[in-house]
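In my numbering, the protein residues as written are 8 to 137. Where is the CB? At the ideal position from N, CA and C, for every residue including glycine.
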């Protein structure tokens, strides 16, 4: 009986010490193109994401890869041309300081790029990740 009790306690301790992984783990997915403006944005986004590496699982997806099509539909991203997007825990929109921020198109530091100007900044991304 004592041996059974010891085995039971050992099993419980072993089980509770194992890391737990779940689908609900915090996740960031970055969608980009292999073009200079997207790569410039990607570099800046990576520098922000590195600061939060312990908290988020990060995945990078090239928009033009056929394997990315399902994810674009899953997150309801535009099926037409878009150069960049950041999806945090399944969402690419957030309310920050009472303003609706959309992590789609280029961030504010790319102002003047043309029709793909977004309304988000690296500061907004940092705030959403905190």
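- Per DSSP, the continuous alpha helix (DSSP H) segment holding residue 55 begins and ends at 43 to 57.
- By the Cβ rule, the region 45 to 56 counts as touching the region 84 to 101, because three or more pairs are nearer than 8 angstroms.
- In this structure, residue 129 lies near residue 55, with their beta-carbon atoms less than 8 angstroms apart.
- Residue 104 and residue 132 have their alpha carbons spaced roughly 13 angstroms apart.
- If you ignore the 5 residues before and after residue 39, its C-beta comes within less than 6 angstroms of the C-beta of 45, 49 and 91, all in its own chain and listed in chain order.
- Within a 10 Å sphere around the beta-carbon of residue 85 sit fewer than 16 other beta-carbons, which makes this residue exposed.
- Taking C-beta atoms under 8 angstroms as the contact rule, residue 99 and residue 110 qualify, at a distance of about 5 angstroms.
- Annotation for residue 94: 36 and 82 place their beta carbon closer than 6 angstroms to its own, counting only its chain and skipping 5 residues before and after.
- Under the three-state reduction of DSSP output, residue 36 falls in the strand class.
- According to DSSP, residue 102 shares a beta bridge with 107.
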